[in-house]
Amino acid sequence: RRPVQAQQQRLEQELIREQKKFTAKEQTLEEQLIKLREEKQSLERSYEGNMDASLKMELETKEAAVQKLQSEMESMKSNFAKSKATLVSRINTLKKDLELAGSTT
């Protein structure tokens, strides 16, 4: 019974660590995304109606960077959700094992 509880606590701590890492990374990506969008809007405003080919390319590059960052964030969120679901499932299995062990004593 003790080893199962210890394993459950380790998994719960791992889940908390993963959540913290995810939140920090998500915040960093959000900040980068905001900065990129602001740069893009600034470019658009400063050259309204006066678009030359090089500026158009610069804007397209910014837009591509925004898209790439958004895609990276979606992928990261998806991966985190999967890993969180796995940990939660393992924790719940251990809790059931503990309850069964407790009811047989």
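In our numbering, the protein residues as written are 48 to 152.
Note that beta-carbon positions come from the ideal geometry of N, C-alpha and C, so glycine has one too.
Values in this document were obtained by computation on a predicted structure and should not be read as measured data.
Taking the alpha carbon of residue i as the point to measure from, which residue in the options has its own alpha carbon closest?
i	options	result
residue 138	124, 67 and 54	54
residue 132	61, 90 and 97	61
What residues in its chain sit with their C-beta under 6 Å from that of residue i, if we drop five residues either side in the sequence?
i	result
residue 69	127
For residue i, collect the residues of the same chain with a Cβ closer than 7 Å to its Cβ; drop the 5 residues on either side in sequence, then sort them by chain order.
i	result
residue 52	145
residue 106	87, 90 and 91
residue 119	76
I think residue i touches residue j, with their Cβ atoms under 8 Å apart; what is that distance to the nearest whole Å?
i	j	result
residue 80	residue 116	5 Å
Going by beta carbon distance, what residues of the same chain come within less than 8 Å of residue i, once the five residues before and after it are set aside?
i	result
residue 164	Not covered by the structure: residue 164. The range shown for the chain is 48 to 152.
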